[in-house]
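Student: Chains V, A and C supply the protein sequences, listed in that same order.
Position one of the first sequence corresponds to residue 1 (the UniProt record's numbering), numbered consecutively onward.
Position one of the second sequence corresponds to residue 1 (the UniProt record's numbering), numbered consecutively onward.
Position one of the third sequence corresponds to residue 1 (the UniProt record's numbering), numbered consecutively onward.
Virtual Cβ for every residue (Gly too), placed ideally from N, Cα, C.
All of these numbers come straight from a predicted model, not from anything done at the bench.
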Amino acid sequence: MEFTAQIIANYLGGTIDGDPDVKVTTVAKIEEGFPGALSFLANPKYEPYIYTTKSSIVLVNDDFVAEQPITTTLIRVKNAYEAFASLLDLYAQSKQPKSGIEQPSYIHESAKIGADAYIGAFSYIAEGVSIGDNVKIYPQVYIGPNVKIGNNVTLYPGVVIYEECIIGNSCMVHSGAIIGADGFGFASGADTNYKKIPQIGNVIVEDYVEIGANATIDRATMGSTILRKGVKIDDHVHIAHNVEIGENTVMAAQTGVAGSTKVGKNCMFGGQVGVSPHVKVADEVKVGAQSGISGDIRKPGTILLGSPAIEISKERRSSAVYRNLPELMKKVSELERTVQELLQKLDNK
Amino acid sequence: MEFTAQIIANYLGGTIDGDPDVKVTTVAKIEEGFPGALSFLANPKYEPYIYTTKSSIVLVNDDFVAEQPITTTLIRVKNAYEAFASLLDLYAQSKQPKSGIEQPSYIHESAKIGADAYIGAFSYIAEGVSIGDNVKIYPQVYIGPNVKIGNNVTLYPGVVIYEECIIGNSCMVHSGAIIGADGFGFASGADTNYKKIPQIGNVIVEDYVEIGANATIDRATMGSTILRKGVKIDDHVHIAHNVEIGENTVMAAQTGVAGSTKVGKNCMFGGQVGVSPHVKVADEVKVGAQSGISGDIRKPGTILLGSPAIEISKERRSSAVYRNLPELMKKVSELERTVQELLQKLDNK
Amino acid sequence: MEFTAQIIANYLGGTIDGDPDVKVTTVAKIEEGFPGALSFLANPKYEPYIYTTKSSIVLVNDDFVAEQPITTTLIRVKNAYEAFASLLDLYAQSKQPKSGIEQPSYIHESAKIGADAYIGAFSYIAEGVSIGDNVKIYPQVYIGPNVKIGNNVTLYPGVVIYEECIIGNSCMVHSGAIIGADGFGFASGADTNYKKIPQIGNVIVEDYVEIGANATIDRATMGSTILRKGVKIDDHVHIAHNVEIGENTVMAAQTGVAGSTKVGKNCMFGGQVGVSPHVKVADEVKVGAQSGISGDIRKPGTILLGSPAIEISKERRSSAVYRNLPELMKKVSELERTVQELLQKLDNK
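#1: In chain C, which residues lie with their C-beta within 8 Å of the C-beta of V339 of chain A?
#2: Is any beta-carbon of chain C found at less than 9 Å from that of V332 of chain V?
#3: Reducing DSSP to helix, strand and coil, say where A309 of chain C ends up.
#4: At the 9 Å Cβ level, is N146 of chain A part of the contact set with chain C, yes or no?
#5: If we define contact as Cβ-Cβ less than 9 Å, is M268 of chain C a contact residue for chain V?
#6: Determine the contact status of G144 of chain A and C165 of chain A, defining contact as a CB-CB distance below 9 Å.
#7: At what residues does the alpha helix (DSSP H) containing N10 of chain C begin and finish?
#8: In chain V, which residues lie with their C-beta within 8 Å of the C-beta of N169 of chain A?
#9: For N193 of chain V, which residues in chain A fall below 8 Å Cβ to Cβ?
#10: What residues in the segment 24-47 of chain V bring their beta carbon closer than 7 Å to a beta carbon of chain C?
#11: Please report the straight-line C-alpha distance between N242 of chain C and V205 of chain C, rounded to a whole angstrom.
#12: Which same chain residues end up closer than 8 Å to K229 of chain V when comparing Cβ atoms and leaving out the 5 residues on each side of it in sequence?
#13: Measuring straight from C-alpha to C-alpha, what distance separates T338 of chain C and V339 of chain V?
#14: What's the call for K95 of chain V, buried or exposed, on a 16-neighbour Cβ count within 10 Å?
#15: Under a CB-based cut-off of 9 Å, is K262 of chain V close to chain A?
#16: Does the beta carbon of M222 of chain C sit closer than 9 Å to a beta carbon anywhere in chain V?
#17: Can you give me the C-alpha to C-alpha distance between Q344 of chain A and L346 of chain C, rounded to a whole angstrom?
#18: Between G33 of chain A and the rest of its own chain, which residues show a CB-CB distance below 6 Å, the 5 nearest in sequence each way excluded?
#19: So the alpha helix (DSSP H) Y81 of chain C belongs to, where does it begin and stop?
#20: Kindly list, in the order they appear in chain V, the residues whose Cβ is closer than 9 Å to that of A258 of chain C.
#21: Over what stretch of residues does the beta strand (DSSP E) that includes V58 of chain C continue unbroken?
#22: List the endpoints of the continuous alpha helix (DSSP H) containing K345 of chain A.
#23: What residue ranges within the segment 156-217 of chain C form continuous beta strand (DSSP E) runs of no fewer than 3 residues, ordered along the chain?
#24: Am I right that A121 of chain A and Y124 of chain V are in contact with their C-beta atoms under 8 Å? What's the rounded C-beta distance?
#25: Looking at the C-beta of A240 of chain C, does it have a partner C-beta in chain A at a distance below 9 Å?
#26: Is the shortest distance between the beta-carbon of P308 of chain A and the beta-carbons of chain C less than 9 Å?
#27: If you measure from the beta carbon of residue 351 of chain A to each beta carbon in chain C, is any gap under 9 Å?
#28: List the DSSP bridge partners of A37 of chain V.
#29: So S123 of chain A is in the beta strand (DSSP E); what residue range does that whole segment cover?
#30: With the cut-off set at 9 Å, would you say V159 of chain V and Y138 of chain V are in Cβ contact?
#31: Would you list the one or two residues that DSSP bridges to G100 of chain V?
#32: Along the chain, where does the beta strand (DSSP E) containing D17 of chain V start, and where does it finish?
#33: Distance check for Y51 of chain V and P69 of chain V, CA to CA, integer angstroms please.
#34: If you draw a straight line from the alpha carbon of T216 of chain V to that of A5 of chain V, how long is it in whole angstroms?
#35: How would you list, in chain order, the residues of chain A whose beta-carbon sits under 7 Å from the beta-carbon of A121 of chain C?
#36: What does the alpha-carbon distance come out to for the pair V135 of chain C and Q93 of chain C?
See below:
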């Protein structure tokens, strides 16, 4: 696709400083610009780049005043960042959506599939599956028996959904994510051999959830493992059996939540965080990367860091002392010596 | 499936308090019960729920005495938990096992496949593969050249087994697990480029092993990476080349064991544990979540925590002091001041 | 394959002590040897094994002098380790490379595929894809629209490459690795719902890169996520959007690098390391396992450990004191008591 500055300015309701006929085909960061790209300037920190950028068009805020000559074409809009984001959306949506059923694919005769579906080659849709409208199933996806999928869902290549799981509307699941594999449950017997505890529950993923590549959401022993509306989890995140993650909680890559833990809504977890089993985490809790949560977090909005995690400013103070522990130990040794000398002096007086 | 209280009581050798004709189709926790579900009460902590549960049937111990009116139907058995577990097994086994070979699938003419196999569509079985009886291979599985698989094995969708690997009897491998990919071995040359060291060994998985979703077990450089009988590893666990994991050792999600390390039998590792290369870990060692093992653990039964991991009670005491390090530092500073004053006072006397 | 000692000695330019007709079919470590295997002895530490090994042939250095009777056949070469490595290479290369296009596979008519390709069954090659010569694509691989792949590339079963990504020459990608899934980018709106930021960039993998099983390399928001020439990343490694990893940098398993971070060249990261977003790491930096990098590392060659990571010798000293924190606290308490007593004594004088 190719757009002129004029077309973009018209679409955004902006005004042009420069060449209305200059054309762009893609977008770029202002500091990485090149001819044919459109960029934006919102953060004043990046203003120096507007005098040197090679991008053909830059979106700026209405009130931007240039302090040096500018060679790129400007489009002035009310809010440059929002205008850029709306163009990004337009760009992303402009890709012709896939549709139709590619061959060979395996669709059980009892499966129900809604309107405007795309089902890629080598995908497998088992008996009793029900799929809503406008669902895009890329190649090599597996959907197990009796799985229910809502409308406007995208499943990228290689996604696996085990039997009986439920996926809401407007969800996106990236490649290699496994939804509904058995929870890790074994009973130790009289000998040292473990006996598998059947995992007969399922996974429920509510609306507007995004699941990253190679993430794993295990099915419940009984009942359901639940990702509430709007949850976003990154690549390699592991959600164990019977866990519940509250609405709009986000978790960065490689974080793991152990069995039966309940995490509140609007929480933010950094990467590589671990949460112990059977823990309750309140709403709006923020957890720094690599932290370990080993007990209930009862106060909403708590900000935590460390393993075991404590209140972040406390952790930072402890961590600062930790870096100087050898000096602290030396001070204590010197104190001990001085106090010994004092004791002797005192005895001698 | 649908069962009456009478049928279940007969099967379990129990007695009924209530309606012998009430029907159930599934199971639920007593606190999450609903009409049509069967629950159990074993832990006295949950007793209050028996007066409010919506489950249609609850299994209780023979000696249970109700202290309030009960509306659900009770089945009295010797051990309510064990009776429930046996019903769970029955429920899990009652699912009609898959069988037959779905099309399209790719089975090399030289592959040998035992009795009662299920081979799902889009699965690939290479030359020289040998597969035992009663093996269930779900769709989109890859089994490389000369792989040997025992009896009663289940491979879920998307499992990959590289060439020459050996899987024992009664193993279960969950979706996305990769067995036998190359170990991470490179030699640094004269320049800064690395030269790949060919990884020509294999992986041996003994009997009764369960491997979680998206786990990776790398093949040995030479010889074998080995998971001994009864090992259970959770989702995202990484086992590097030439590692050996002893009998009945269990490892929770996202744990990683580096190259050539030997872990003993009956060990228990929490989630996100890391073990350094070329380390020996004794039998029955327990390691807390997020710990790091960087040297040999020689004493069987040691319980470890922390990174680097130390004996758990020692780590907990250190960790408790760590949380109060700023206070400790303040005390030391105050002591220094007091001691200075003391020195001056003494000099003045 | 089967080789006599004579054939191997001729190939390596070595001389034989023992039976020139003895045959081997595989290789083994000298301490794990068995009849039919070839081993080597380079490290004097392993010399005792040469008197007891069951390997049929052992490569030794020219100047090796036996101190006890030897039953195995020796081949004397200039450098036993290098000779062994060259045999390993030969052994690995001797496997007949796969070629041809297996059915069923899905290859869009607009895709261009070079000479000597292998395309396994159930692989999917989308529109506009361009693939170089001598590329081996195992079964169940997905290659999205407009992906470009160089020469001599191997993609193992189940690899997924999203649209528009670029893979250089001589790369190897192991099973389950996902290249080009969406970066984890969401904007928080007026309410608590997140709005997805379209990820319209791509991933560029340069020449001689190896990517481990189940690794994830996310596509850039705009521009490219880049793995430079010679990068080696192990299983389960996560590289977030807009990250750049410098030439010949190696990262061990389960390490994660957050968004927009730039890592220099010739760096070495241990397993389970985490790096914060928007960080710059200099060249030749070494990072110990489980470390967390949360700020810029400006000095090339720095060696780091801990979370947050500090200079390794500093971390080790702090860690040593940490293990004895309870004793340190006890000392401080005793000091406080002694100083109090001193104060009283002094007042009494």
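Tutor: Walking through what the data contain:
#1: If you number the second sequence from 1, residue 339 of chain A lands on position 339. Here the neighbours are V339.
#2: By one-based count along the first sequence, residue 332 of chain V stands at place 332. Yes - at least one Cβ of chain C is within 9 Å of the one on V332 of chain V.
#3: Translated into positions along the third sequence, residue 309 of chain C becomes position 309. DSSP places A309 of chain C in coil when its eight states are reduced to three.
#4: Residue 146 of chain A sits at position 146 when you count from the first residue of the second sequence. Chain C, which has no Cβ nearer than 9 Å to the Cβ of N146 of chain A, makes this no.
#5: For the purposes of this step, residue 268 of chain C is identified with residue 268 of the third sequence, where counting begins at 1. Not one chain V Cβ lies under 9 Å of M268 of chain C.
#6: Indexing the second sequence from 1 puts residue 144 of chain A at position 144. Indexing the second sequence from 1 puts residue 165 of chain A at position 165. Yes; because the gap between Cβ atoms is below 9 Å, this pair is in contact.
#7: By 1-based counting over the third sequence, the position of residue 10 of chain C is 10. N10 of chain C -> alpha helix (DSSP H) spans A5 to L12.
#8: Taking the second sequence and counting its residues from 1, one reaches residue 169 of chain A at position 169. Residues of chain V passing the Cβ test: none, with the nearest at roughly 14 Å.
#9: If you number the first sequence from 1, residue 193 of chain V lands on position 193. Ordered by position in chain A, the residues that pass the 8 Å Cβ test against N193 of chain V are Y208, G230 and N248.
#10: Taking 7 Å as the Cβ-Cβ cut-off, the segment 24-47 of chain V approaches chain C at V27, A28, K29 and E32, given in chain order.
#11: On the third sequence, residue 242 of chain C is found 242 positions in, with the first residue counted as 1. On the third sequence, residue 205 of chain C is found 205 positions in, with the first residue counted as 1. Whole-angstrom Cα-Cα distance: 13 Å.
#12: Your numbering for residue 229 of chain V matches position 229 in the first sequence. The answer, listed in chain order, is G168, E206, D207, Y208, V209, E247 and N248.
#13: Reading the third sequence from its first residue, position 338 is the one you call residue 338 of chain C. Reading the first sequence from its first residue, position 339 is the one you call residue 339 of chain V. For T338 of chain C and V339 of chain V, the distance between alpha carbons rounds to 8 Å.
#14: On the first sequence, position 95 is the one that residue 95 of chain V refers to. So K95 of chain V counts as exposed.
#15: For the purposes of this step, residue 262 of chain V is taken as the residue at position 262 of the first sequence. By this cut-off, K262 of chain V is not an interface position.
#16: Within the third sequence, numbered from 1, the residue matching residue 222 of chain C stands at position 222. At least one chain V Cβ lies under 9 Å of M222 of chain C.
#17: For this step, residue 344 of chain A is matched to residue 344 along the second sequence. For this step, residue 346 of chain C is matched to residue 346 along the third sequence. Roughly 11 Å between the two C-alpha positions.
#18: Stepping through the second sequence from its first residue, residue 33 of chain A is reached at position 33. Around G33 of chain A: S39, T53, K54 and S55.
#19: Here the question's residue 81 of chain C lines up with position 81 in the third sequence. First-last of the alpha helix (DSSP H) with Y81 of chain C: A80 to S94.
#20: Taking the third sequence and counting its residues from 1, one reaches residue 258 of chain C at position 258. Neighbours of A258 of chain C on chain V, chain order: A252, A253, G270, G271 and A289.
#21: Stepping through the third sequence from its first residue, residue 58 of chain C is reached at position 58. First-last of the beta strand (DSSP E) with V58 of chain C: I57 to N61.
#22: Numbered from its first residue, the second sequence carries residue 345 of chain A at position 345. Note, K345 of chain A: alpha helix (DSSP H), L325 to N348.
#23: Taken in chain order, the whole beta strand (DSSP E) runs of length 3 or more contained in the segment 156-217 of chain C are 186-188, 194-196 and 202-205.
#24: Counting from 1 along the second sequence, the entry for residue 121 of chain A is found at position 121. Counting from 1 along the first sequence, the entry for residue 124 of chain V is found at position 124. Contact flag correct, Cβ pair sits at about 6 Å.
#25: Taking the third sequence and counting its residues from 1, the one referred to as residue 240 of chain C is at position 240. False, the Cβ-Cβ gap to chain A never drops below 9 Å.
#26: Along the second sequence, read from residue 1 onward, the residue named residue 308 of chain A stands at position 308. By this cut-off, P308 of chain A is an interface position.
#27: No statement about residue 351 of chain A is possible, as the shown extent of chain A runs from 1 to 349 and does not include it.
#28: For the purposes of this step, residue 37 of chain V is taken as the residue at position 37 of the first sequence. Bridge partners of A37 of chain V: V:T26.
#29: Within the second sequence, numbered from 1, the residue matching residue 123 of chain A stands at position 123. From DSSP, S123 of chain A is part of no beta strand (DSSP E); its letter is neither H nor E.
#30: Along the first sequence, read from residue 1 onward, the residue named residue 159 of chain V stands at position 159. Along the first sequence, read from residue 1 onward, the residue named residue 138 of chain V stands at position 138. Yes. Within cutoff.
#31: As a first step, residue 100 of chain V is located in the first sequence; it is residue number 100 there, counting from the start. In the DSSP secondary-structure assignment, G100 of chain V is bridged to V:Y118.
#32: For the purposes of this step, residue 17 of chain V is identified with residue 17 of the first sequence, where counting begins at 1. Run containing D17 of chain V: T15 to D17, per the beta strand (DSSP E) assignment.
#33: Position 69 of the first sequence, counted from the first residue, corresponds to residue 69 of chain V. Position 51 of the first sequence, counted from the first residue, corresponds to residue 51 of chain V. Each residue's alpha carbon lies about 7 Å from the other.
#34: For the purposes of this step, residue 216 of chain V is taken as residue 216 along the first sequence, with counting starting at 1. For the purposes of this step, residue 5 of chain V is taken as residue 5 along the first sequence, with counting starting at 1. Approximately 45 Å between the Cα atoms of the pair.
#35: Numbered from its first residue, the third sequence carries residue 121 of chain C at position 121. Within 7 Å Cβ-Cβ: Y106 and Y124.
#36: Counting from one through the third sequence, the residue named residue 135 of chain C turns up at place 135. Counting from one through the third sequence, the residue named residue 93 of chain C turns up at place 93. For V135 of chain C and Q93 of chain C, the distance between alpha carbons rounds to 15 Å.
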